[in-house]
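J.: Residue numbers (the UniProt record's numbering), protein chains in the order written: chain A, 1 to 380; chain B, 1 to 380.
Encoded structure:
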């Protein structure tokens, strides 16, 4: 690295949301000077950094000007201006993950091609350039239509069950994906530093809220067989190595009913499926991301306990100044860690915080997580 | 509480050093608005809070004006203007710990009297108003002279071995304390919330740097007998209850060679002897302090692993812009957590950071801590 990571290193984060916030909580331990760019003047990171700048993450000039006096840039969201990052890289700013990795992952179509080219198992797919392409699609109905770009948090994904759904489908470049009859959604977070050290966190199991299409509940570590877990971790390691990424990479996968694993999609940054590592593992995904981008030895990723992560989503039917019901009761349960994200306003399914529940007894951890889920409501 | 602890609560911290910094790292999870007052314009908390104000902690007007629009005030250092806090309390600001507790603890003479009045075991002592009092002292030489006020971090304490030392002694109101032939310095951190719930962290053992008279090395949990540990915890609980304190209280004690426990002194706030709780215990002392002052259920204080805390003190012979040697090597050891305090300048024995080393195997934890101590040097 050009500079010591403590003292005078200026690290820029593109995005000032909860991921940036938790990254800052960890970066404080390294004495790093943090600069944050976010379009929202009330972003969760606003008051927690050396410099907070309001501006568009998609605008070339804004991102370039934000980054040109920094030593290193990382992201907490993929939807950023990659051309500006490329120029900054050319001028000697360290950009981790690298601009080419972000460019590839921004486009779910390029991701799919990358999987195919690198023999990474993934569901069958084909590209269409707009809604009209659906009628001639070779994939059997029902299938999934996914926008190539700008989908996030469950947005940009539609199930097409029959031709009656065509009219409501996305009219933009998309992937049509075979519907996977999966047993479970799983994820592995892998980290890689610039010298090529790699480490995976234990595989986790996700429970989705079908209505919001958001992770609602996450269990770490998984109790699937050693074979399945090894396979999932090997896939994550292969992808990190094929990409030569620097930083953490979340690999979301489907475990099919036949015991196969298919890669769903990638996120080149700390991810919702790794929040439980803060209390549940020896190293958190945020600490690991910092170790990776600072080219330090990677930390021990082992679990310290069974950890359940519950997302606190804005309750349906409430919109406005956020209020949090039930936190006091939830904190009376052993092993409960509340993380609020500092968002002023709630709306249905907005990610307002998360809770991690740990216990040496897995069943008790899950039981307590269900209690927490019942207790805490984000209303307005 | 007057307001919800999330969202709109304005919490003031008197002092913006490392304790405030670690308190903020935890307070981020509660959405609290943090205001910090510190005389140093480059204090470690400067860029991590909603509002940072430079000003004297001892000045009535400064403290009063800082606090008058806040909902709650806490401290990270005892040397603050208590009259201002008392007035703020009268006007409805919540001050935790309470001003009367801070006033008592500010004066080590009042502390000693409090111990005596409440049958809390402590070493024999007498008060002197200046150096001249030493000659007529009833305590047998050698003894300890301690300034009643303003001593901290080992400053304000002198060993008087013979009358030859009188000339160098403090010429101010002091306590003369019997020298305790102790086997070990130990500490228990206890927390109490406003509804009277109390909880102790497991007793820890301290190793001092005799030159700097600072904690250099701390082992948690202790392996002394159950009887000794229970006795130490009971004393801490009794003190917290006698004081009716709200917040955490560090109780530093001597374990004598006869197995007796004598209370040395108190700190009504998170304390150096509790830093290892961040990684070593289910709840950290910072999280517990917040739970206590927010009148929430107290967290589980149990140890999650053997945890050794090593202070990173400025190396002798170096003064100036801080540099940190050996961090990379230290991070390659398993279970090593580095916390740098964001202090720009180092000087001999200045507390620049700490490292926590955890391991299920106690001997290995200690071995790794010694390695870390060898590896990391804070120089200039």
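All residues carry an ideal CB built from backbone N, CA and C; glycine is no exception. Just so we're clear, the structure is a prediction, and the values are computed from it rather than from any experiment.
1) Is the beta carbon of residue 233 of chain B closer than 8 Å to that of residue 203 of chain B?
2) Looking only at C-alpha atoms, which of B:21, B:224, B:293 and B:209 sits nearest to residue 244 of chain B?
3) Closer than 7 Å between beta carbons: that is the criterion. Which residues of the stretch 330 to 353 of chain B meet it against chain A?
4) Taking just the CA atoms, how far does residue 75 of chain A sit from residue 258 of chain B?
5) Going straight from the alpha carbon of residue 184 of chain B to that of residue 13 of chain A, what length do you get?
6) Would you say residue 47 of chain B lies against chain A (beta-carbon separation less than 8 Å)?
7) Tell me the rounded alpha-carbon separation between residue 208 of chain A and residue 40 of chain A.
8) Under 7 Å: does the beta carbon of residue 158 of chain B sit that close to some heavy atom of the ligand GDP?
9) Report yes or no: is there a C-beta of chain B within less than 8 Å of the C-beta of residue 328 of chain A?
10) Output, in chain order, the set of chain A residues within a Cβ distance shorter than 7 Å of residue 118 of chain B.
11) Would you give the residue range spanned by the beta strand (DSSP E) that residue 12 of chain A belongs to?
12) What does the Cβ neighbour count give for residue 167 of chain B, buried or exposed, with the cut at 16 atoms within 10 Å?
13) Could you check what DSSP says for residue 253 of chain A in three-state terms: helix, strand or coil?
14) For the beta strand (DSSP E) containing residue 274 of chain A, list its first residue and its last residue.
15) If we call anything under 8 Å between Cβ atoms a contact, is residue 255 of chain A one with residue 186 of chain A?
16) Could you check whether the Cβ of residue 269 of chain A sits closer than 8 Å to any Cβ belonging to chain B?
17) Need the endpoints of the alpha helix (DSSP H) that residue 315 of chain B sits in, please.
18) Alpha carbon to alpha carbon, what distance is there between residue 336 of chain B and residue 193 of chain A?
19) Can you confirm whether the stretch 40 to 51 of chain B touches the stretch 87 to 103 of chain B when touching is taken to mean that 3 or more C-beta pairs between the two stretches lie within less than 8 Å?
20) Contact between the stretch 343 to 354 of chain A and the stretch 305 to 320 of chain A is defined here as three or more beta-carbon pairs at a separation below 8 Å; is this criterion met?
21) Identify, in the order they occur along the chain, each residue of the same chain with its Cβ nearer than 6 Å to the Cβ of residue 330 of chain B, setting aside the five sequence neighbours on each side.
22) Should residue 62 of chain B be labelled buried (16 or more other beta-carbon atoms within 10 Å of its own) or exposed?
23) Distance cutoff 8 Å, beta carbons only. Does residue 21 of chain A sit that close to anything in chain B?
24) Can you tell me whether residue 344 of chain B is buried or exposed? The criterion is at least 16 other CB atoms within 10 Å of its CB, across all chains shown.
25) Establish whether the CB of residue 10 of chain B and some CB of chain A are separated by less than 8 Å.
26) Please determine, among A:206, A:78, A:363 and A:189, the residue with the shortest C-alpha to C-alpha distance to residue 302 of chain A.
27) Taking just the CA atoms, how far does residue 150 of chain A sit from residue 143 of chain A?
28) Nearest chain B C-beta to residue 296 of chain A closer than 8 Å, yes or no?
29) Along chain A, which residues have their Cβ under 7 Å away from the Cβ of residue 30 of chain B?
30) With a 10 Å radius around its C-beta and 16 neighbouring C-beta atoms as the bar for buried, classify residue 135 of chain A as buried or exposed.
31) Is it a yes or a no for the stretch 107 to 122 of chain A touching the stretch 163 to 182 of chain A, going by three-plus beta-carbon pairs under 8 Å?
32) May I ask you to report which of helix, strand or coil DSSP gives residue 298 of chain A?
33) Report all residues from its chain with a CB closer than 7 Å to the CB of residue 326 of chain B; omit the five preceding and five following residues, and keep chain order.
34) Please list the partners that residue 195 of chain B has in chain A, where partner means a Cβ-to-Cβ separation under 8 Å.
35) Measure the alpha-carbon distance for residue 359 of chain A versus residue 308 of chain A and round it to whole angstroms.
36) Going by beta carbon distance, what residues of the same chain come within less than 7 Å of residue 287 of chain A, once the five residues before and after it are set aside?
T.: Reading from the atomic positions:
1) yes
2) B:293
3) 331, 332, 334, 335, 338, 339, 340 and 342
4) 59 Å
5) 46 Å
6) yes
7) 28 Å
8) The model on display carries no ligand, and the ligand GDP is accordingly not part of it.
9) yes
10) By Cβ distance, chain A contributes nothing, its closest Cβ being about 30 Å from residue 118 of chain B, past 7 Å.
11) 10 to 14
12) exposed
13) strand
14) Here residue 274 of chain A belongs to no beta strand (DSSP E), and DSSP marks it neither H nor E.
15) yes
16) no
17) Taken as a continuous stretch (DSSP letters only), residue 315 of chain B belongs to no alpha helix (DSSP H), as it is neither H nor E.
18) 18 Å
19) no
20) yes
21) 336, 372, 375 and 376
22) buried
23) yes
24) exposed
25) no
26) A:189
27) 20 Å
28) yes
29) 340
30) exposed
31) yes
32) coil
33) 375, 376 and 377
34) Within 8 Å Cβ-Cβ: nothing; residue 195 of chain B doesn't reach chain A, min ~11 Å.
35) 9 Å
36) 26 and 299
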